[in-house]
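Okay, structure first, notes after.
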Amino acid sequence: MASRSCTADSAFPPRSRRDPSAPPAGLIFRNALALSHVGTHDPNTAGSPQADEYSRLPHMFQPSRRALLVAMAASAAVPARPVAARSRPAEYLIRGATVLTMMPGTTALIDHDVHVRDHKIVAIGKAIAAPAAIRIDAPGAIVMPGLVDTHWHVWTTLLRNLADNSSDASGYFAMTGLLGQRFGPAEMRLAARLAAADAIDHGITTVHDWCHNIRSPAHARAALAGLQDSGLRARFSYGATRETPFDRPLDAADFTRLHDGWDEWSADGRLTLGLGWRGVLATVDGRPSAVPEAVWRADLALARDRGLPVSVHANNSAANRGHIRQLAERRLLDRDVQLVHAVNAEADEIEAVARSGASVSLAPSSEFAAGFGVPPVSALRQAGVAIGASVDTPALVGPADLLRELRMIQGLANAQAGDEMAMPPLDALAIGTREGATSLGLGGSTGTLAPGKRADLIVIRRDALSLQPRADPATTILRSVRPSDIALVMVDGTILKRDGQLTRIDRSALASAVAETSARLLRDGR
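Here the working numbering is used: the first residue of the sequence shown is 46, the next is one more, and so on.
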């Protein structure tokens with residue numbers, strides 16, 4: 046057991062042990078958004094040899110002495126977990142970019158700067174003066190909010206692509222049900238780390254971990270530790286395992302302990318707690334079965350009594366039809382409720398969702414692969430329902446490509462409306478940013494770029510052949526951007542990906558740990 050935990054932990058080395066995938070100590074970025082040699086000169090000193098050398102390098106990253114010292118101090122070490130406070134991050138000025146703020150009614154801002162300080166966006170404008178900031182020159186690049194995933198069974202990332210749908214035994218539910226029982230806390234933490242690496246690589250800065258493999262309090266804490274280590278913004282929705290009898294309530298004592306001690310995990314609010322609720326209608330052996338009222342009320346009270354958000358799978362299969370209607374009839378829909386999938390929602394149910402202010406999370410790739418059905422994108426939009434996009438489960442869909450889900454959502458909207466113009470690309474991107482944040486109740490912190498918002502953003506380089514010729518930024522992002530085009534990912538003012546490299550994750554160590562663990566899970570599962 047000890048060696049298993051050590052293997053998983055090695056994927057996130059402390060910062061005092063340099064990540065071997067990171068650039069050498071004297072170098073920070075290269076190439077597009079190129080970060081040059083880090084020195085102690087002042088690049089604003091005209092005529093100095095160093096200043097002349099730096100001015101010849103493209104897309105310069107030129108730190109002043111003070112900014113360099115701040116950056117070095119901020120990245121010196123990863124604090125031990127759990128932790129209630131963090132060191133102050135570096136101050137950054139991203140200059141000369143095309144900025145998509147994703148604020149309603151706005152378009153691309155050309156040749157603009159974004160100033161980041163103390164975890165937040167300080168200003169967006171032209172020619173911003175910030176002499177103490179580390180400067181990232183980004184002419185031609187696109188800056189936009191980080192993508193917001195609204196529903197992801199993070200633990201299943203360790204089972205990526207293992208649901209091959211070739212037989213009943215290898216289907217998603219059978220495979221994850223069998224192997225999920227073999228997960229210990231070390232596997233939960235490793236899965237979270239793998240998911241985090243995938244998310245960051247794809248430009249996702251907020252993850253909603255709908256955790257339904259909590260087999261002990263230690264499983265929950267291990268999953269949380271992986272999220273905390275990653276630097277991502279995350280919602281952790283505490284849920285029952287799939288094999289938990291539907292007439293058995295959640296572990297209220299453990300949920301309460303976790304809630305009451307939440308400052309240990311996230312005193313700054315980067316991680317938030319929610320309820321992964323089973324709702325009022327369960328599916329047992331492919332058939333609908335009512336959850337006893339005493340059970341669903343007890344579970345729901347865990348969230349409602351503490352002012353926490355609720356997420357529930359509803360109308361996600363033929364056996365779960367009418368679930369939204371039952372929730373509406375019991376007046377259980379509200380602005381704090383997120384409905385997952387809703388592929389079989391009928392007109393009256395969609396109207397009830399719209400009236401209540403509840404939101405819906407869609408995952409077309411998994412909904413198609415699992416045979417759930419076709420999400421009613423057009424009807425939801427026409428009713429004014431807030432929509433979010435979802436990775437759901439890499440066991441079925443592979444990489445955490447949220448842009449893929451947004452492309453599918455756009456295609457469904459246009460096809461269902463019979464109108465090529467029904468959902469413009471900018472509206473599709475809004476689902477992956479602003480609307481997704483709103484569906485998680487995080488719209489006040491993330492999802493758009495504006496002064497006062499947390500600094501969750503990505504920088505996209507546009508020099509790849511696959512992004513040529515230059516076109517509308519939103520259209521380019523939706524249709525063509527790949528992980529290799531995402532040069533920088535920042536969450537809460539901290540850089541998690543730079544020059545295409547993950548800054549807190551050793552890819553090689555993580556890959557080795559995943560290979561060893563998945564092989565053992567499969568071997569033990571036979």
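Even glycine gets a Cβ: it sits at the ideal position worked out from N, Cα and C.
With distances taken from CA atoms, which of the options is nearest residue i?
i              : options                           : result
leucine 451    : Pro420, Leu485, Gly463 and Glu391 : Pro420
arginine 180   : Ala153, Met147 and Ala135         : Ala135
glutamine 461  : Arg205, Gly248, Val325 and Val422 : Val422
aspartate 156  : Arg524, Val325, Gly497 and Val144 : Val144
tryptophan 341 : Leu523, Asp330, Asn360 and Gly321 : Gly321
proline 294    : Asp182, Gly324, Arg400 and Ala532 : Gly324
glutamate 338  : Arg375, Ala399 and Ala231         : Arg375
alanine 244    : Ile139, Leu326, Leu345 and Trp197 : Trp197
threonine 301  : Tyr283, His257 and Asp292         : Tyr283
leucine 425    : Leu448, Arg449, Gly488 and Ala467 : Ala467
leucine 377    : Asn361, Ala348 and Arg366         : Ala348
isoleucine 454 : Val188, Ser411, Thr438 and Thr491 : Ser411
glutamine 546  : Arg499, Thr539, Arg449 and Val534 : Val534
threonine 151  : Lys165, Thr289, Asp501 and Asp472 : Asp472
serine 511     : Ser212, Met220, Ala237 and Val526 : Val526
histidine 257  : Asp305, Pro230, Arg287 and Ser212 : Arg287
glutamate 561  : Asn360, Met220, Asp308 and Glu232 : Glu232
arginine 366   : Phe417, Ala346, Leu407 and Thr201 : Phe417
Under 7 Å, do residue i and residue j count as touching if we go by C-beta distance?
i              : j              : result
threonine 483  : proline 190    : no
histidine 253  : leucine 485    : yes
valine 193     : alanine 240    : no
threonine 146  : valine 536     : no
proline 409    : alanine 153    : no
isoleucine 505 : aspartate 464  : no
asparagine 210 : glycine 443    : no
valine 385     : histidine 358  : yes
aspartate 182  : proline 528    : no
valine 405     : valine 388     : no
alanine 399    : alanine 428    : yes
isoleucine 522 : glutamate 480  : no
histidine 368  : leucine 326    : yes
leucine 224    : leucine 566    : yes
arginine 499   : lysine 165     : yes
leucine 502    : valine 167     : no
leucine 372    : tryptophan 310 : no
Among residues of its own chain, excluding the 5 on either side of residue i, which ones have a beta-carbon nearer than 7 Å to its beta-carbon?
i              : result
serine 557     : none
asparagine 76  : Low confidence applies here, because asparagine 76 scores a pLDDT of 34, under 50, leaving its location unreliable; read the following figure in that light. These residues qualify, in order along the chain: Asp544.
alanine 415    : Tyr217 and Leu441
arginine 568   : none
serine 563     : Leu203
methionine 148 : Thr493 and Ala495
leucine 447    : Leu192, Asp194, His247, Ile249, Ala434, Val436 and Gly477
glycine 402    : Asp379 and Arg380
Might you give, ordered along the chain, the residues of its own chain that have their beta carbon closer than 6 Å to the beta carbon of residue i, omitting 5 neighbours on each side?
i              : result
isoleucine 259 : Ala265
arginine 280   : His253, Thr317, Gly319 and Leu485
valine 559     : Leu239
valine 115     : A caution first: valine 115 carries a pLDDT of 34, below 50, which makes its placement in the model too unreliable to give a value.
alanine 509    : Asp530
leucine 299    : For the sequence presented, residue 299 should be read as aspartate rather than leucine. If we look at aspartate 299 and ignore the five residues flanking it on each side, its Cβ neighbours are Pro262.
leucine 457    : Val422
methionine 46  : Since pLDDT at methionine 46 reaches only 32, below the 50 mark, its modelled position is unreliable, and no value is offered.
Considering only residues of the same chain and omitting the five flanking positions on each side of residue i, which have a CB-CB separation below 8 Å?
i              : result
isoleucine 169 : Val144, Thr146, Leu154, His157, Asp158, Val159, His160, Leu494, Ala495 and Pro496
leucine 624    : The structure shown does not extend to residue 624, since the chain spans only 46 to 571, so no value can be given for it.
proline 470    : Gln455, Asp517, Ala519, Thr520, Ile522, Leu523 and Arg524
glutamate 396  : Ala428
serine 334     : Phe291, Leu326, Ala327 and Thr328
Beta-carbon of residue i versus every beta-carbon of chain C: anything under 7 Å?
i           : result
leucine 471 : The structure shown contains no chain C; it is built from a single protein chain.
Scan the stretch 291–368 and note each continuous alpha helix (DSSP H) run of 4 residues or more that stays entirely inside, going in chain order. The stretch 291–368 contains these whole alpha helix (DSSP H) runs: 297–305, 308–311 and 338–349.
Residue ranges of each alpha helix (DSSP H) within the stretch 468–528, 4 or longer: For the stretch 468–528, the continuous alpha helix (DSSP H) assignments of 4+ residues that do not extend past its boundaries occur at 470–476, 479–484 and 518–525, in sequence order.
Touch check for the stretch 368–387 and the stretch 347–355: three-plus C-beta pairs under 8 Å? With the cut-off at 8 Å, the stretch 368–387 and the stretch 347–355 touch.
Could you tell me which whole beta strand (DSSP E) segments of length 3 or greater appear in the stretch 160–194? Runs of the beta strand (DSSP E) inside the stretch 160–194: 165–170, 179–182 and 187–190.
Please specify which runs of the beta strand (DSSP E), each continuous and at least 3 residues long, are wholly inside the stretch 528–571, giving them in chain order. The beta strand (DSSP E) runs lying completely inside the stretch 528–571 and spanning 3 residues or more are 531–536 and 539–543, given in chain order.
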